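Worksheet: the structure to be examined is printed underneath.
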Amino acid sequence: MTTLLDTVGALHPAYTVAPRPFQVVSVETVAPEIVHVEFVPLDGGPLTAYEAGSHLIVEAGPNRNAYSLTGDGSAPTSYGISVLRHQTGGGSQWIHDHLVPGAVVTCEGPRSAFPARPEQTAALLVAGGVGITPILSHARSLARWGGTADIVYSYRPGSGAHLAELRDLAKTSGFSLTEATDVPQTQQVLADRFADQPIGAHAYACGPIAMIDTYLELGRSAGWPVERLHLERFEAPELDPGVEFDVTVAGTRLTVAPGVSVLQTLLDAGHEVPNLCRQGVCGECRIPVKSGVVEHRDFVLTDAEKKAGDSMMCCVSRGTDLEVDL
Amino acid sequence: MSALLPLADPLAPVDHAARLPWPFAEDQTSFRYTVNVQPARQYLATAAGGWGDTLVDLGGAEYPQIMADRRRILDADPGRARVMPWMVPACWDLLLFYLRDMAASFPTIMTLDEDGERFHWVNTALGTDQHFTLGDLASLPCDPLTFLGREVPDDLLLIREREGEMHLDAGLVTFAAGWSVTFDAGMSIREIHGPVPRLNTEGVTTRGEQFLMMLKSDQAFRRANWTLSASGSRKLDVSLEELPEWGRDIPELIRDRDWGRLQLRIEVEHFVRLPMTGAVTFNIRTHLCSLADIKKVAPWREQLAAIVLELPDDIATYKGFIDYREDAMAWLLDTDSQEGR
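Structure below.
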């Protein structure tokens, strides 16, 4: 007998994005503190295709983390991610310590949060450090479908993950690739490349906070509209703890202490709120706001959405006398 | 992956009422435009039978004839397929989704073998036997959207987010109801729906657009829309391109008071987020049932008459029947009258 779940989704396994078991087929160190892991479904079935720039959510021990997929996504035979080890005892450390060929791990997705604009005439792709992962995906997709890319890769000498593949890709696809190994060089290259793109080009960047800030600054001063400066943040700047305020949900008033998020306050009170990055960059914890003034501190909502004030990213944003709807 | 219960015979002879996707809820007495989406692939019982267990409704024994009609129109006017230059990958995405779905839904007549990026599609109902490679245009006899359009009875529409709005960026449409795909291709859905009364102003388009923008790739949804066809026959192509062929149909029908020939025209739209490109489908499958056949089903004739008569004038005008709805519905409800007069 068929269930509703069987009939609402696709009939073919290459469309599922639900959490499911994957098996590690390879783990390779691609730079100091960066490993590249390839997964295939444990049941040997086909893989769901994905848009360039997509990420996979990996249950890395006690943490659930999102990692960019490095392939072009059109007909994947495995999912590949590259993980930088952070010394914070979190998911990346678990991955480095536990994933070996044969290991089984639950993954969800892929999910697309950093897609290419298909109508672009060209793409300026900017990667900093491990931010190369979604950028590599974009470059591969453009190569596969016959697009044009101008790639900038900024990395610390000796720490350029996927450098060889990128150089090969650039050569065989006729893409331009400029490498930079320090900050002044990166700034010079970016300024240079922003000034030299055809009409209709879009730009995409992923990397450390400082590089993203530079990218935005240089892009704007080169006259690029902000709608063409796409970016994906792996991390967000640290926020000040803020002041105590109230949030009401389902008639109950809760107090949000300084340094504690609305998200954590809601979770502690027993409410279920979807969440993922807890940094205000992924959009998972968006909740409707019925009243009150929101102090938006996220990187997801558009200016119009922030002005409307009827939703908020509760993992980072704060406010005054908020009433929310779960 | 579990299999659906197989249909009795996907090419069985057709009773137009039995599998008609009746567009109104059981207790519905009036109609306004809403974002009335529901999960796809759910069997719904109706007063005359039932429908909806598959994403694609081939049309039973009429499938080859519908496809012959589709192919004839495309051969004569290939411009009914419009693909914005950046939409080629999305057309491949659509092709794979639908071929996989049909092979799973109709295994007695359709198969799709997959080997990495190579595919082998066999459709014994139409005699198609095609090997092709994903992304390789030379491996198909025509572009992927046209290839698919020549296999499925649905009009195929792909929408994408551009500049914050959903746009119709690719479409293969041979059975448009009083609109033109050549005119609409590339427009935003807001622009396309401008002529429909209340849709934009009452926020229906906005809510519909938000639904589509947030659609996830592992869920398929559908919606039913309806009107009285601009032709008093089972002619599916009542597009603006074809206007000279059908433009006089209804005036002649009205002159002859041949109300039984009026066709309730139902469009079932399917919404699927395609994973490889993020494009969203807005495919339209058109079904026709004459008022004569509807008259035979008591709950249907009563409900349709009530709904048509209750419609505000602006919507009835847009749907094209403001001038004759009273007479036509009077005929529908008059169970003493013979078919036609």
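For the protein sequence lines, the chains are U and D, in the order given.
The numbers in the first sequence follow my numbering, run straight up by one, and end at 1145.
The numbers in the second sequence follow my numbering, run straight up by one, and end at 382.
Just so you know, even glycine gets a beta-carbon here, dropped at the ideal spot from N, CA and C.
Just so it is clear, the structure is predicted and the values come from calculations on it, not from any experiment.
In whole angstroms, what is the alpha-carbon distance linking residue i and residue j?
i	j	result
D:D116	D:T187	10 Å
D:R87	D:K337	Reading off the sequence shown, one finds Thr at residue 87 of chain D, where the question assumed Arg. Rounded to whole angstroms, D:T87 to D:K337 spans 14 Å at the Cα level.
U:E1046	U:R936	11 Å
D:L45	U:R1039	The pLDDT assigned to D:L45 is 40, lower than 50, so where the model puts this residue is not dependable; a value taken from the coordinates is nonetheless given after this. Between D:L45 and U:R1039, the C-alpha separation is close to 54 Å.
U:I914	U:D1032	29 Å
U:V1113	U:L943	35 Å
U:A959	U:R930	A small correction: the amino acid at residue 959 of chain U is Arg; Ala does not occupy that position in the sequence shown. Answer to the nearest angstrom: the Cα atoms are 18 Å apart.
U:S893	U:D1011	32 Å
U:G1026	U:K990	23 Å
D:A320	D:F138	12 Å
U:A980	D:A122	44 Å
U:D1065	D:G227	47 Å
D:E232	U:D1059	44 Å
D:D364	D:V129	44 Å
D:A144	D:V214	23 Å
Please list the partners that residue i has in chain D, where partner means a Cβ-to-Cβ separation under 8 Å.
i	result
U:W964	V129, P130, G176
U:Y869	P316, M317
U:A837	D259
U:P1056	Those do not exist, as U:P1056 stays about 26 Å from chain D at its closest Cβ, beyond 8 Å.
By a C-beta neighbour count over all protein chains shown, 10 Å radius and 16 as the cutoff for buried, is residue i buried or exposed?
i	result
U:Q906	exposed
D:S258	buried
D:P51	buried
D:L178	exposed
U:S1110	exposed
U:V923	exposed
D:Y84	exposed
U:T1139	exposed
D:S71	exposed
U:L823	With a pLDDT of only 44 at U:L823, under the threshold of 50, the placement of this residue in the model should not be trusted; the figure read from the coordinates follows. U:L823 should be labelled exposed.
D:D354	exposed
D:K360	buried
D:I200	buried
U:G1151	Only positions 820 to 1145 of chain U appear in this structure, which leaves residue 1151 of chain U out of reach.
Which residues share a DSSP beta bridge with residue i?
i	result
U:I853	U:A850, U:L903
U:G1075	Note that residue 1075 of chain U is Val in the sequence shown here, rather than Gly. In the DSSP output, where bridge partners are listed per residue, U:V1075 has U:F1064.
U:C1025	U:A946, U:E1051
D:Q384	The structure shown does not extend to residue 384 of chain D, since chain D is modelled only from 42 to 382, so the question has no answer here.
D:I233	Bridge partners of D:I233: none, in fact.
D:G205	Looking at the DSSP assignment, D:G205 forms no beta bridge with any residue, so it has no partner.
Which residues in chain D sit within 7 Å of residue i, going by Cβ to Cβ distance?
i	result
U:A894	G157, E158, L175
U:A761	The question about residue 761 of chain U has no answer, for chain U in this structure spans 820 to 1145.
U:Y834	S258, D259, P316
U:P934	G319
Residues of chain U with CB closer than 7 Å to the CB of residue i, please, in chain order.
i	result
D:A145	L830, H831
When DSSP labels each residue in this structure, what does residue i get in the three-state scheme?
i	result
D:G168	coil
U:R1052	strand
D:D278	coil
U:C1096	coil
D:G19	Nothing can be reported for residue 19 of chain D, as the shown portion of chain D is limited to 42 through 382.
D:F323	coil
D:M42	The predicted model places D:M42 with a pLDDT of 33, which falls under 50 and marks its position as unreliable; any figure quoted below should be read in that light. Correct three-state label for D:M42: coil.
D:C132	helix
D:A53	coil
D:S180	helix
D:A357	helix
U:G928	strand
D:L329	strand
U:D1059	coil
D:A58	coil
D:A271	coil
U:T1084	helix
U:T991	helix
U:H981	coil
U:P1017	coil
U:L823	Only weak support exists for where U:L823 lies, its pLDDT of 44 falling under 50; the value from the coordinates is given anyway. U:L823 falls in the helix class under three-state DSSP.
U:Y898	strand
D:F252	helix
U:H880	For clarity, residue 880 of chain U is Gly in the given sequence; the question names His instead. Note: U:G880 maps to coil in three-state DSSP.
D:A66	coil
D:R239	coil
Does the Cβ of residue i lie closer than 6 Å to at least one heavy atom of the ligand NAP?
i	result
U:S931	This structure does not include the ligand NAP; it has no bound ligands of any sort.
For residue i, which residues in chain U fall below 9 Å Cβ to Cβ?
i	result
D:R201	P937, E938
Could you tell me which chain D residues have their CB closer than 9 Å to the CB of residue i, listed as they occur along the chain?
i	result
U:S931	S258, P316, G319
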